[in-house]
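Chains as they are written, first to last, in the working numbering: chain A, 1 to 137; chain B, 138 to 274; chain C, 275 to 411; chain D, 412 to 548.
Virtual Cβ for every residue (Gly too), placed ideally from N, Cα, C.
Treat the numbers as computed from the prediction; the structure is a model and nothing was measured.
Encoded structure:
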């Protein structure tokens, strides 16, 4: 398993009149988190697109346990629990500054060859980076 | 079961550089759809908040089957499949103008008494409106 | 001068914890309004991009007179006050259902040839459509 | 004059199908920047709301000089050029990692007493903090 945590400050724009972060904005938090997770390995999603592979999200699940609020400094822990293939699964846990778990999410991305517009395997450089975290040898 | 369909035009703001609607924006489409579903019964979410009941989302699931694109005129069919209690489940199917199913979603909302900040039953006026669609008598 | 009015319902996502529409969301309202203004002439922004002309915004001015609120049914009047050249100016007035002016905005777009990535004249079809509203003859 | 610079990474969500940051998203960047500008003085906007003063934006001007792009690490310099009264003016310059100026903005906020819902003077603690940067003595 590979895990990485980043922090993120809640913007006023992201709140709604309930005084909570709008439920639709967590998907952006997940995006930031998985991109920083990749960056922690020296990779970037931009690099993948420049290599001709895009990774649209094909499924999203979120559980809203407690509301995140304006100006909260959130910590998001992103986990990759299995070596990716055509699909990559990311898991997210979002905590506030007191360490309280606010939200849990899960996204599945699929690798698409941008030239053929068809599914393809994960970028080799991603697999190479992840292997040591999964390989028993 | 109660179902209602509304249409919605994809905004440029909602696309991303993949040329697709950003995956996080479907949650807004679901919000618009369930609010229009309520309005089709003569109700409004605003009315519920004015009555002292707010309904935060506690879970969200989305499946992205095919991308929605800029300026697409989407049709969203919202369904309530069971009489709500403390929780209300909404199901969404999003189609493009050609009738192709692009996205399926599901949200669970919980009724909160805004004075006590505790869960409460669904507004009676919502139950009264829905009953005829579920009651066998 | 050419003017067109469209209506738009405020989404919950667009409010912030002040209970107002977040100031950054009016730019989306302007986008929707100018696109509907074009559509009223039988044109669409999508058509322009398909023709190889994109129109990024190069300046934006907004005055927030009174707050728009959740579920408000806004009317946006978009005006083109002069025949466009390389640049197109749009003016916006946003009213609530009581006819109260809430917001005034102004955007300047520049026409870019997507192949050369350089400024170019407005699409001829836009000029042809607008001419009768400006031509004294 | 008081100036402060913060950095901010462009999210995928913030791009549009032109491959640029959507013009409406700069308002969020300005919000983040002015909040970090306040935080650099040991203040926070949240603190002001907790004190009963909210500060809605009453005017916004933006000039889009060059496009910001996905994953760009932007530097935003926020300036307060005069001591605030009922109104507070913030000026913003946004640079990319190469130091190229991409965007210039300006917002005016008005201080509102949340109990009376009427304009009021700037929070004393803000004036106290700013005074040394403006006072000739």
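Leaving aside the five residues that flank residue 429 (chain D) on each side, the residues in its chain whose CB is nearer than 8 angstroms to its CB run, in chain order, 478. In the displayed model, residue 278 (chain C) falls within a strand according to three-state DSSP. Rounded to the nearest whole angstrom, the C-alpha separation of residue 282 (chain C) and residue 374 (chain C) is 15 angstroms.
Annotation for residue 73 (chain A): the continuous beta strand (DSSP E) segment containing it runs 73–80. Here the alpha carbon of residue 235 (chain B) sits roughly 25 angstroms from the alpha carbon of residue 305 (chain C). C-alpha of residue 37 (chain A) to C-alpha of residue 425 (chain D): approximately 19 angstroms in a straight line. Note: residue 283 (chain C) is bridge-paired with C:347 in the DSSP secondary-structure output. CA-CA distance, residue 131 (chain A) to residue 47 (chain A), rounds to 19 angstroms.
Burial is judged here by how many other beta carbons sit within 10 angstroms of a residue's own beta carbon; residue 103 (chain A) has at least 16 and is buried. The segment 487–534 of chain D contains, as complete beta strand (DSSP E) runs of 3+ residues, the segments 498–506, 512–521 (chain order). Non-local C-beta neighbours of residue 4 (chain A) in its own chain, meaning closer than 7 angstroms and more than five positions away in sequence, comprise 36, 37, 40, 78, ordered along the chain. Taking a 10 Å sphere around the C-beta of residue 147 (chain B), we find 16 or more other C-beta atoms and assign the residue as buried. For the C-beta of residue 164 (chain B), the chain A residues within less than 7 angstroms are, from N- to C-terminus, 23, 24, 27.
Chain B has no Cβ within less than 8 angstroms of the Cβ of residue 324 (chain C).
If you draw a straight line from the Cα of residue 117 (chain A) to the Cα of residue 57 (chain A), it is about 15 angstroms long.
For the segment 44–70 of chain A, the beta-carbon criterion of a distance under 7 angstroms to any beta-carbon of chain C is satisfied by 70.
For the pair residue 533 (chain D) and residue 523 (chain D), the Cα-to-Cα distance works out to about 9 angstroms. By the 16-neighbour rule on beta-carbons within 10 angstroms, residue 439 (chain D) is buried. Taken through DSSP and simplified to helix, strand or coil, residue 200 (chain B) comes out as strand.
A residue is called buried once 16 or more other Cβ atoms fall within 10 Å of its Cβ, and residue 42 (chain A), having fewer, is exposed. Going by DSSP, residue 32 (chain A) is part of the alpha helix (DSSP H) stretching over 26–39.
The Cβ atoms of residue 297 (chain C) and residue 16 (chain A) do not sit closer than 8 angstroms to each other. Secondary structure note for residue 47 (chain A): its alpha helix (DSSP H) is the uninterrupted segment 45–50. Ranking A:51, A:33, A:49, A:50 by CA distance to the CA of residue 6 (chain A) puts A:33 first. Along the segment 363–389 of chain C, none of the residues has a CB nearer than 7 angstroms to a CB of chain D. For residue 307 (chain C), no Cβ of chain A is located within less than 8 angstroms of the residue's own Cβ.
Contacts between residue 12 (chain A) and chain D, judged by CB atoms closer than 8 angstroms, involve 442, 446, 456 in chain order. With a threshold of 16 other beta carbon atoms within 10 Å, residue 105 (chain A) meets it and is buried. CA-to-CA, the gap between residue 507 (chain D) and residue 2 (chain A) works out to about 31 angstroms. Residue pairing by DSSP puts residue 327 (chain C) in a beta bridge opposite C:387.
Within 9 angstroms of the CB of residue 431 (chain D), the CB atoms of chain C belong to 330, in sequence order along the chain.
Out of A:73, A:75, A:80, A:52, the CA that lies nearest to the CA of residue 129 (chain A) is found in A:80.
In terms of Cβ geometry, residue 55 (chain A) and residue 110 (chain A) form a close pair [threshold 8 angstroms].
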